[in-house]
Every structure is written in C-alpha cells, then in structure tokens.
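Notes follow the structure.
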Amino acid sequence: MTSIVLKPWGSYKVLEQGKNYTVKKIIIKPNGKLSLQSHQHRSEHWIVVKGEAEVTLDNKVKILKINENIFIPIKKKHTIANNKEEDLIIIEVWFGDHLDENDIIRYDDIYGRITK
Numbered sequence: 730m731t732s733i734v735l736k737p738w739g740s741y742k743v744l745e746q747g748k749n750y751t752v753k754k755i756i757i758k759p760n761g762k763l764s765l766q767s768h769q770h771r772s773e774h775w776i777v778v779k780g781e782a783e784v785t786l787d788n789k790v791k792i793l794k795i796n797e798n799i800f801i802p803i804k805k806k807h808t809i810a811n812n813k814e815e816d817l818i819i820i821e822v823w824f825g826d827h828l829d830e831n832d833i834i835r836y837d838d839i840y841g842r843i844t845k
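Quick note on the numbering used here: the sequence shown kicks off at 730 and runs consecutively.
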C-alpha cells in the first residue's frame with residue numbers, strides 16, 4: 730500500500746500503477762496551488778471529485794467543478810489552484826513512457842521550488 734506523500738500545497742497518494750500509467754488521489758488544501766509546470770514525458774488527466782479547481786493551461790484559466798475534467802498534453806504549461814475554503818480533491822491519471830516525479834519543469838511556484 731502506498732503511503733501519503735505530503736507537499737506544501739496538500740498531499741497525494743498513488744492508487745495504482747501500471748507500465749505506462751499512474752493513478753493518484755490528490756488533495757489540495759484551501760489556498761493551495763501547484764507550481765506552474767510542464768512535463769516532457771507524460772500527459773495528465775484531472776477529474777474533480779470534491780471542491781472547485783482553478784486550472785491554468787497555456788495561460789487560459791478554466792474553473793472545474795465536481796465531475797468535470799481536463800486533459801493536460803505533454804509539454805504544456807499548467808497549474809491547479811484551490812481558492813475555496815475546503816479541500817479540493819482530484820483524481821490524476823498520468824500516461825507516458827517515463828513516469829517519474831522528477832519529470833517536472835517548474836516555471837513559477839509560490840513555495841519557492843523552481844527548476845534551475
């Protein structure tokens with residue numbers, strides 16, 4: 730069983746992994762925001778299961794509510810924020826040939842984690 734991984738914005742837990750996919754449950758705490766980032770080797774799918782997400786994809790902002798989803802293509806800049814006063818929970822699915830937490834290029838991060 731995979732343990733919960735704590736991050737400055739909340740936490741995640743890997744629910745399942747396969748050869749070319751990973752499924753995660755992500756909890757973003759109130760006023761939490763993931764870094765503006767891109768990935769060289771994977772695409773992502775996000776579906777909101779609780780709360781409301783503010784997603785930025787290539788400088789376009791979209792609000793996602795429960796049961797809404799978005800596809801994040803490989804190499805596209807993206808971020809997700811929780812501007813509400815309750816936890817935001819999303820299910821994230823990675824697809825790609827290289828699935829690793831190190832496949833992140835950070836461009837902006839409110840927690841000071843920028844890729845050099």
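Here a beta-carbon is modelled for each residue, glycine too, at the ideal position from N, C-alpha and C.
TODO: Answer yes if the region 794 to 801 comes into contact with the region 769 to 782, meaning at least three C-beta pairs across the two stretches below 8 Å, and no otherwise.
DONE: yes
Open item on the list: Between Gly-825, Gly-761, His-807, Leu-765, which has its C-alpha nearest Gln-746's C-alpha?
Closed with: Against the sequence shown, residue 746 aligns to sequence position 17. Measuring from the Cα of Gln-746, the nearest candidate turns out to be Gly-825.
Open item on the list: I'd like the ranges of any beta strand (DSSP E) spanning at least 3 consecutive residues and lying wholly in the region 758 to 834.
Closed with: 765 to 767, 771 to 779, 782 to 786, 789 to 793, 798 to 801, 807 to 810, 817 to 825
Task: Presumed contact (8 Å Cβ cut-off) between Lys-753 and Val-743, rounded CB distance - done: As a working note, residue 753 is residue 24 in the sequence shown. As a working note, residue 743 is residue 14 in the sequence shown. Right, their Cβ atoms sit about 5 Å apart.
Open item on the list: Do Leu-786 and His-807 count as a contact pair if the criterion is CB distance below 8 Å?
Closed with: Sequence index remark: in the sequence shown, residue 807 carries index 78 (1-based). Sequence index remark: in the sequence shown, residue 786 carries index 57 (1-based). Yes, these two residues count as a Cβ contact at 8 Å.
Open item on the list: Going by C-alpha to C-alpha distance, which of Glu-821, Tyr-836, Asp-837 sits closest to Thr-751?
Closed with: Walking along the sequence shown from the start, residue 751 turns up at place 22. The residue with the shortest Cα to Cα distance from Thr-751 is Glu-821.
Task: Rounded separation between Lys-789 and Lys-748 - CA only - done: Stepping through the sequence shown from its first residue, residue 789 is reached at position 60. Stepping through the sequence shown from its first residue, residue 748 is reached at position 19. Taking the straight line from one Cα to the other gives about 32 Å.
Open item on the list: By alpha-carbon positions, which one of Arg-771, Lys-804, Gln-769, Ile-809 ends up nearest to Asp-838?
Closed with: In the sequence shown, residue 838 corresponds to position 109, counting from 1. Nearest of Arg-771, Lys-804, Gln-769, Ile-809 to Asp-838, Cα basis: Ile-809.
Open item on the list: Using DSSP's beta-bridge definition, name the partner residues of Tyr-741.
Closed with: Counting from 1 along the sequence shown, the entry for residue 741 is found at position 12. Paired residue(s): Val-734, Ile-755.
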